[in-house]
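Before any comments, here is the structure.
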Ligand code: BTN
């Protein structure tokens, strides 16, 4: 039984209650409903199959059965570091140089938390070096192996709860043919050419996530995120829904997690995630 194997893999991790589904529309939707009904901090929803999984920018994220990881964690803001729970206490609050807004800051950090956790777990359990393609993808050999979708619920100016949803392509079968992926996909087993224990990888990802969660506002978090940033120092193209593409060199991350780009005419820009999509000019994936 998958549920038993899952329970065994997660043993010893200080999580909240776990709900496992053999098939579900979307673990994020399930976690949002559970949070609204009072799910505690670190409650976890896991599905073997997702039939209507959600990706960024309204895209779909399909999870065929028996092949991938699809899970969502409920986060209660009272357990966040103070700078996240009360954004007025942000270390950078006095330097609104990039004009970020607070909801965007929280979403950006949570998304980064998911990508950093996946990337660290791939390294720790499988020795795989991956990159974080800002803002929400994890790449292996230049292709997308995982995606993160963070959703936050606000009550007025108060953060009520947050959902961190992660999808990881583990087996070759997790890639669905003819699916309109926004970026070329890959799977861990495609790269490794050997079977991978997905529940072990889930446990390692959650362990890393639990490590970084209290450190969300720390410099160490930003440094680790930036160290794994894809295309750093390279020429990139930013695709924007409502404006012309923007070319430049990717410099790194701002203190608020914005992507810093120097355009060809020497302007330094800080991009918030919003509706922008990053592509490498060097690898020709534009
Ligand atoms: C993206 O790359 O666009 C984000 C993909 C996020 C997919 C995961 S799978 C688990 C969780 N449930 C969802 O409906 N989406 C996220």
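Residue numbers (my numbering): 1321 to 1606. Every residue gets a Cβ at the ideal spot worked out from N, C-alpha and C, and that includes glycine. All values derive from a computational prediction rather than experimental measurement.
- Residues of the same chain with a CB within less than 6 Å of the CB of residue 1466, apart from the 5 flanking positions on each side, are 1438, 1458, 1488 in chain order.
- For residue 1492, there is no enclosing alpha helix (DSSP H), as DSSP marks it with neither H nor E.
- Residues 1442, 1460, 1508, 1511, 1512 of the same chain have their beta carbon placed closer than 8 Å to that of residue 1448, with the five preceding and five following residues left out of the count.
- For residue 1545, the secondary structure class from DSSP, reduced to helix, strand or coil, is helix.
- For the pair residue 1362 and residue 1335, the CB atoms are nearer than the 8 Å cut-off.
- For a cut-off of 8 Å, the C-beta gap from residue 1464 to residue 1505 is around 5 Å, short enough to register as a contact.
- The closest heavy atom of the ligand BTN lies 7 Å or more from the beta carbon of residue 1446.
- Exposed is the label assigned to residue 1358, since fewer than 16 other Cβ atoms lie within 10 Å of its Cβ.
- Counting C-beta pairs with one atom in each stretch, the region 1469 to 1486 and the region 1385 to 1392 have three or more that are closer than 8 Å, which means they touch.
- Within its own chain, the residues whose Cβ lies closer than 6 Å to the Cβ of residue 1565, once the five positions on either side in sequence are excluded, are 1557, 1559, listed in chain order.
- By the CB criterion at 8 Å, residue 1436 and residue 1452 fall inside the cutoff.
- In its chain, beyond the 5 residues on either side, 1389, 1490 have a beta carbon closer than 6 Å to the beta carbon of residue 1518.
- Taking a cut-off of 8 Å for Cβ pairs, the region 1534 to 1545 and the region 1343 to 1354 do not touch, as fewer than three such pairs fall below it.
- Residue 1555 and residue 1341 have their C-alpha atoms roughly 43 Å apart.
- Straight through space, the alpha carbons of residue 1373 and residue 1384 are spaced by roughly 10 Å.
- For residue 1322, the uninterrupted alpha helix (DSSP H) segment begins and ends at 1322 to 1330.
- Counted as a single uninterrupted DSSP element, the stretch harbouring residue 1352 is not any beta strand (DSSP E) but the alpha helix (DSSP H) occupying residues 1347 to 1356.
- In the structure shown, residue 1511 adopts helical secondary structure according to DSSP, grouped into three states.
- The beta-carbon distance between residue 1470 and residue 1427, rounded to whole angstroms, is 5 Å. This is short enough to meet the 8 Å contact definition.
- Between the ligand BTN and residue 1468, a heavy atom-to-CB distance of less than 7 Å is present.
- Not one heavy atom of the ligand BTN is found less than 7 Å from the C-beta of residue 1541.
- Taking all protein chains shown into account, residue 1368 has 16 or more neighbouring C-beta atoms within 10 Å of its C-beta and is therefore buried.
- Distance from the C-beta of residue 1391 to the nearest heavy atom of the ligand BTN is below 7 Å.
- The shortest C-alpha to C-alpha distance from residue 1532 to any of 1321, 1399, 1337, 1344 is the one to 1399.
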